[in-house]
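Protein chains: 2
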Amino acid sequence: MSLRCEVLAIGTELLLGQVVDTNSAWIGGRLAEAGISCYYQAKVGDNHDRIVAALRAGLDRSDAVICCGGLGPTQDDITREAIAEVMGVGLRRDPAIEAGLRERFHGREVPVSNYRQADVPEGASPVLASTGTAPGLICPVGPKVVYAVPGVPSEMREMVGGPIVEDLVARAGEQATVRSRFLRVWGVPESKVAEMVAPRFDVLEGGPTTIAFLASVTEGVRVRITTRAVGPEAPAQATAALDAEEAALRELLGGSVGGVDDDGLEVVVGRLLAQAGLRLAVAESLTGGLVCARLTSVPGASTWFAGGVVSYTPEVKRSVLGVGPGPVVSSEAAQEMAAGVRQALGADVAMSLTGVAGPDTQEDRPVGTLFVGLDLQGDVVARGAVLGGGSRQLVRERAATYALDLLRQRLLQAH
Amino acid sequence: MSLRCEVLAIGTELLLGQVVDTNSAWIGGRLAEAGISCYYQAKVGDNHDRIVAALRAGLDRSDAVICCGGLGPTQDDITREAIAEVMGVGLRRDPAIEAGLRERFHGREVPVSNYRQADVPEGASPVLASTGTAPGLICPVGPKVVYAVPGVPSEMREMVGGPIVEDLVARAGEQATVRSRFLRVWGVPESKVAEMVAPRFDVLEGGPTTIAFLASVTEGVRVRITTRAVGPEAPAQATAALDAEEAALRELLGGSVGGVDDDGLEVVVGRLLAQAGLRLAVAESLTGGLVCARLTSVPGASTWFAGGVVSYTPEVKRSVLGVGPGPVVSSEAAQEMAAGVRQALGADVAMSLTGVAGPDTQEDRPVGTLFVGLDLQGDVVARGAVLGGGSRQLVRERAATYALDLLRQRLLQAH
Numbered sequence: 005m006s007l008r009c010e011v012l013a014i015g016t017e018l019l020l021g022q023v024v025d026t027n028s029a030w031i032g033g034r035l036a037e038a039g040i041s042c043y044y045q046a047k048v049g050d051n052h053d054r055i056v057a058a059l060r061a062g063l064d065r066s067d068a069v070i071c072c073g074g075l076g077p078t079q080d081d082i083t084r085e086a087i088a089e090v091m092g093v094g095l096r097r098d099p100a101i102e103a104g105l106r107e108r109f110h111g112r113e114v115p116v117s118n119y120r121q122a123d124v125p126e127g128a129s130p131v132l133a134s135t136g137t138a139p140g141l142i143c144p145v146g147p148k149v150v151y152a153v154p155g156v157p158s159e160m161r162e163m164v165g166g167p168i169v170e171d172l173v174a175r176a177g178e179q180a181t182v183r184s185r186f187l188r189v190w191g192v193p194e195s196k197v198a199e200m201v202a203p204r205f206d207v208l209e210g211g212p213t214t215i216a217f218l219a220s221v222t223e224g225v226r227v228r229i230t231t232r233a234v235g236p237e238a239p240a241q242a243t244a245a246l247d248a249e250e251a252a253l254r255e256l257l258g259g260s261v262g263g264v265d266d267d268g269l270e271v272v273v274g275r276l277l278a279q280a281g282l283r284l285a286v287a288e289s290l291t292g293g294l295v296c297a298r299l300t301s302v303p304g305a306s307t308w309f310a311g312g313v314v315s316y317t318p319e320v321k322r323s324v325l326g327v328g329p330g331p332v333v334s335s336e337a338a339q340e341m342a343a344g345v346r347q348a349l350g351a352d353v354a355m356s357l358t359g360v361a362g363p364d365t366q367e368d369r370p371v372g373t374l375f376v377g378l379d380l381q382g383d384v385v386a387r388g389a390v391l392g393g394g395s396r397q398l399v400r401e402r403a404a405t406y407a408l409d410l411l412r413q414r415l416l417q418a419h
Numbered sequence: 005m006s007l008r009c010e011v012l013a014i015g016t017e018l019l020l021g022q023v024v025d026t027n028s029a030w031i032g033g034r035l036a037e038a039g040i041s042c043y044y045q046a047k048v049g050d051n052h053d054r055i056v057a058a059l060r061a062g063l064d065r066s067d068a069v070i071c072c073g074g075l076g077p078t079q080d081d082i083t084r085e086a087i088a089e090v091m092g093v094g095l096r097r098d099p100a101i102e103a104g105l106r107e108r109f110h111g112r113e114v115p116v117s118n119y120r121q122a123d124v125p126e127g128a129s130p131v132l133a134s135t136g137t138a139p140g141l142i143c144p145v146g147p148k149v150v151y152a153v154p155g156v157p158s159e160m161r162e163m164v165g166g167p168i169v170e171d172l173v174a175r176a177g178e179q180a181t182v183r184s185r186f187l188r189v190w191g192v193p194e195s196k197v198a199e200m201v202a203p204r205f206d207v208l209e210g211g212p213t214t215i216a217f218l219a220s221v222t223e224g225v226r227v228r229i230t231t232r233a234v235g236p237e238a239p240a241q242a243t244a245a246l247d248a249e250e251a252a253l254r255e256l257l258g259g260s261v262g263g264v265d266d267d268g269l270e271v272v273v274g275r276l277l278a279q280a281g282l283r284l285a286v287a288e289s290l291t292g293g294l295v296c297a298r299l300t301s302v303p304g305a306s307t308w309f310a311g312g313v314v315s316y317t318p319e320v321k322r323s324v325l326g327v328g329p330g331p332v333v334s335s336e337a338a339q340e341m342a343a344g345v346r347q348a349l350g351a352d353v354a355m356s357l358t359g360v361a362g363p364d365t366q367e368d369r370p371v372g373t374l375f376v377g378l379d380l381q382g383d384v385v386a387r388g389a390v391l392g393g394g395s396r397q398l399v400r401e402r403a404a405t406y407a408l409d410l411l412r413q414r415l416l417q418a419h
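Structural data, given as C-alpha cells:
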C-alpha cells in the first residue's frame, strides 16, 4: 500500500470564499506525480482547537499531513502552536531562523511579532525558503509526520516541490508513479461518451488504470485515463499503460476524439487549418469577439488566422460585410456574413455567428438561437441551432464552442 | 449559536489537482452572507466508502453538509448512493425527474445511464435546475441535513443561492445577516489605495464593519466592505452600515472609484458612452477580440457599441483599416487603426490596440509592448506602455484592462 498524505489548508479567508484555495490542487498534483496517495483534503479557519482537531483526524486516516498557511507573523497565524499541541511538545526559538530574520531586514529593526516565525515545535526541523520570511516545518508525530508550509504560493511550491516531496518519497520506500492523460471529445454529450466507452470499465475493473469524465461548456468532454505503477520501471510502465488505454478508447470513440491533454478546440482547429495551408476569417455577432479571442489565445495563430469583424449592429453587418436586407438572425445572413468577411479580409476560409445571446429575444427568435455560416473557398453553407437557455455569458460560450466544433468537423471532411 | 454548515467537494480530479475547486469558496461566501457558520470544508475522491465517511464526519461536527459534484450520469458519479447509505435508505426512481429528462432530450432517445439521475434517496426531495439534467437533493438525516448539488458551477450556484440557502436560513431560526459591497477602483495600485483609505481602519476598529482589498488584472482593485447584523432588523441595519462606509470611502478615494460590486470596467465604459450618446468601435491586434468580448458581455451593449475589427495580420491592418507602411507595433499604427475602424464602422469613438503578446518579440519590441489609439470624433491620440511580462494570456488581459481604463479616463475628461 502506498503512503497516504492529506492536505490541510488553513485560513478563515478560504472558508469565507474571499480567496480560492489553489495551493491544495497544486500539492495534490505533485503528490500524484510522486506516487503518494492523497484521498482527502480539507480547509479550516484560524482557530486553534479546530486546526488541532483537523490535524488529528488527518493523522488518524493517513501517514502524513501537509498543512498550508498560518505561518506568518500576525496574531491569526497559529499553525505552529497547533502542531506543537498535536506533537505534545512546547515551542523553542530557533537562533538560526532568528538570525535569518535579522538579515532579511537589512539592519532595520525587525518588528517584534516577526520573531514568532522563529518559533519551532521541539523535535521539528525547519525548512528554509530562498524568499519570504516564514520557514516551513517537518514535524514528526510518532511514526507519522506533519509538514507545515506558508500559504504564499511561490514559497509553498518551493518547499513542497523540493524537500517535502523528497522526505515523503524517502518514507514511502517504494517508488510509485501516477500519471494521467486526457482525451478531448467535442460534439458528443457526456452521457453518450460514457455509453460508448462503457465496455472499458469491465476490462479495467480492479486494475491499476481507471477512466473518468469531466464535462464543461468550453472544454467539451474530457476522458481522463489515470494509471499507477510501482517499482524502478514505474514511469515507463505508466506511459505504456496510458498508450494502451488511449488506443482502446480511440477504437470506441472514433473521430470524436479531437485532441489530447491541453489541445483545446482552438488548438485543434488551428492545427487543421495549418495542415491544409488555409487562413481563417471570422465574423461574430452574438459572441462579440469570443471566438476570435479563443483562436488568438493560441501562440502562432497568425499563420492560420487572418482576423475578424465583430459586426455587433445590423448596420455594420450590412456596410462592412454586405449583408442584404431582411432579418440578421437567419441562415441567409450567416451565409452572407461568412462570404463577406472572407472577401473583406482576403482569407481562404470564413466562419460567421449570428444569433440571440439574451437577455431579450431578437427578431422574434428565442434566446439561444444560433446560425453559423461556413465559407470554404467559396463553398458556403449555414447551420441553425437552438442552444439551451441560461445566462447571456453561457449562451455566448456555448455558441462559440458549437461553431468551432462545426468548423473542426467541416475541415476534417474537406481534407 | 448560529447554524453550522460544512462543504464537501467530491471528485478525484479535485484531489489530483486537475481541476481547482472554486465551488467551495463560492458556497462559503454565500453561507457567510446568510449568517451561517462554515468552519470546515473538505474534498474527497469518487470513492464510496470515503464519501460516506466524510459525510458522517461532517454531520458529527455540524448541522448540515452541502456536497458538490458526483451527481452526473456516469459510472463515477456515486454521490446519490453514498448519501442513501448515510441516511440508511434505498434509492427510488423519481417519475417527475424521469419525465423531465425525456423532455430535455426533445424526443431523441435518452441514454440509459442518464436515468440514474432520476434516482433519489428515499425521503429526500429533489431540487430542479433551469438548465442541466442533474437535480440537486435535500436529504434529511435525523435533525440534520445533507444537500447535494452538481459540480457544474452555474447549476450549483442556482441551487445553493436559491432553495438551499433558504432552507438553511429557515432551519437557523436566528436571523443574522452578513453583507458585503465592493467599490471598484482602476488605475491606482493596491498599496496606494490602502494608503488612501488608512484612516478608516482606526474608525472601524472593534466594530461590526471591516474593509479589505482584493486586486486582480481584469478586475482592478476592489475594496470590500463587510458588515454583520443580528436580529429582525438585520438586513436594513446591514444596508445602512454599508451605505455609510461607502460614503466615507468615496470621500477618501474620490474619482478613482469607477463603480460598485459587479460594475466591471466594460460596464463603466458602456455607461459613460451611453450617457454621452456615443457609439464605440474597436480595432484589436494583440488582444485578438478580448476587448470586444468584454464589451459585448454587457447586456444592451448594442446601444453604445457598433462593433470591431480583429486585425490580426499586418495585411488586414493595411487593407481593412488603412494602416500605412512602416511598423505595425507603433504609436502611428495605433492612431491609424483607431481612425480607420471609426470610419469603417461609422462610429463616434474608436479605440485600437497593437502590441506584442508573446511568446516571441515582434518588430524588435519586447513582449508586453502596447500602443493604444483613441479617436474621439476625429481627435486622435495614442499612448504607449510596456506592461509587465508573464504568460501570453496575462499580457493580453493586462492590455485589455489598460486600454479600457484609458478610454474610461478619456471619456470622463471629455464630458
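Just so you know, the sequences run in chain order A and B.
First residue of the first sequence? That's 5 in my numbering, and the numbers climb one at a time after it.
First residue of the second sequence? That's 5 in my numbering, and the numbers climb one at a time after it.
C-beta: ideal position from N, C-alpha, C; glycine also.
Can you look up residue i in the DSSP assignment and give me helix, strand or coil?
i: E10 (chain A); result: strand
i: I168 (chain B); result: helix
i: L416 (chain B); result: helix
i: A3 (chain A); result: Because residue 3 (chain A) is not part of the residues shown, which for chain A are 5 to 419, the question remains open.
i: L374 (chain A); result: strand
i: G104 (chain A); result: helix
i: R183 (chain B); result: strand
i: P157 (chain B); result: helix
i: R112 (chain B); result: coil
i: S220 (chain A); result: strand
i: P139 (chain A); result: coil
Taking the alpha-carbon of residue i as reference, which of the options has the nearest alpha-carbon?
i: G166 (chain B); options: B:C71, B:V225, B:L132, B:A198; result: B:L132
i: L408 (chain A); options: A:A354, A:T373, A:R396; result: A:A354
i: L325 (chain B); options: B:M341, B:T317, B:A310, B:C9; result: B:M341
i: D67 (chain A); options: A:S28, A:V23, A:A174, A:V192; result: A:A174
i: A242 (chain B); options: B:A252, B:V182, B:G258, B:C72; result: B:V182
i: A420 (chain A); options: A:S28, A:L284, A:L59, A:V192; result: It is not possible to answer for residue 420 (chain A), since the shown part of chain A is limited to 5 through 419.
i: V261 (chain B); options: B:R60, B:V227, B:A351, B:S129; result: B:V227
i: E89 (chain A); options: A:I101, A:L141, A:D53, A:C71; result: A:D53
i: C9 (chain B); options: A:L12, A:L20, A:E10; result: A:L20
i: A13 (chain A); options: A:S41, A:S6, A:Y151; result: A:Y151
i: V327 (chain A); options: A:E170, A:F309, A:D50, A:R346; result: A:R346
i: D206 (chain A); options: A:V189, A:A252, A:S184, A:E170; result: A:A252
Rounded C-beta distance between residue i and residue j? I'm assuming under 8 Å.
i: V56 (chain A); j: G62 (chain A); result: That pair is no contact at about 11 Å.
i: V192 (chain A); j: V225 (chain A); result: 7 Å
i: V399 (chain A); j: G362 (chain A); result: 6 Å
i: N27 (chain B); j: P77 (chain B); result: That pair is no contact at about 19 Å.
i: L374 (chain A); j: L357 (chain A); result: 7 Å
i: D25 (chain B); j: K47 (chain B); result: 6 Å
i: V153 (chain B); j: V164 (chain B); result: 6 Å
i: V271 (chain B); j: V302 (chain B); result: 6 Å
Going along chain A in order, which residues have a C-beta closer than 7 Å to the C-beta of residue i?
i: L349 (chain B); result: V320, V324
i: F309 (chain B); result: Y316
i: A297 (chain B); result: G292, G293, L294, A297
Provide the residue(s) that pair with residue i in DSSP beta bridges, ordered along the chain.
i: I215 (chain B); result: B:I229
i: D364 (chain A); result: DSSP lists no partner for D364 (chain A).
i: F309 (chain B); result: B:L284
i: M355 (chain A); result: A:V286, A:L378
i: G191 (chain B); result: Note: G191 (chain B) sits in no beta bridge, so no partner.
i: S315 (chain A); result: B:G311
What does residue i touch in chain B if you count any residue whose Cβ is under 7 Å from its own?
i: L374 (chain A); result: Those do not exist, as L374 (chain A) stays about 15 Å from chain B at its closest Cβ, beyond 7 Å.
Find the residues of chain B that neighbour residue i, judging by a C-beta separation of less than 8 Å, and give them in chain order.
i: R54 (chain A); result: Y43, Y44
i: F217 (chain A); result: G76, T78, D80
i: R396 (chain A); result: S301, P303
i: D379 (chain A); result: Near D379 (chain A) there are no residues of chain B at all, since even the closest Cβ is about 16 Å away, more than 8 Å.
Residues of chain B with CB under 9 Å from residue i, in chain order?
i: W190 (chain A); result: Neighbours of W190 (chain A) on chain B: none; closest Cβ ~17 Å, over 9 Å.
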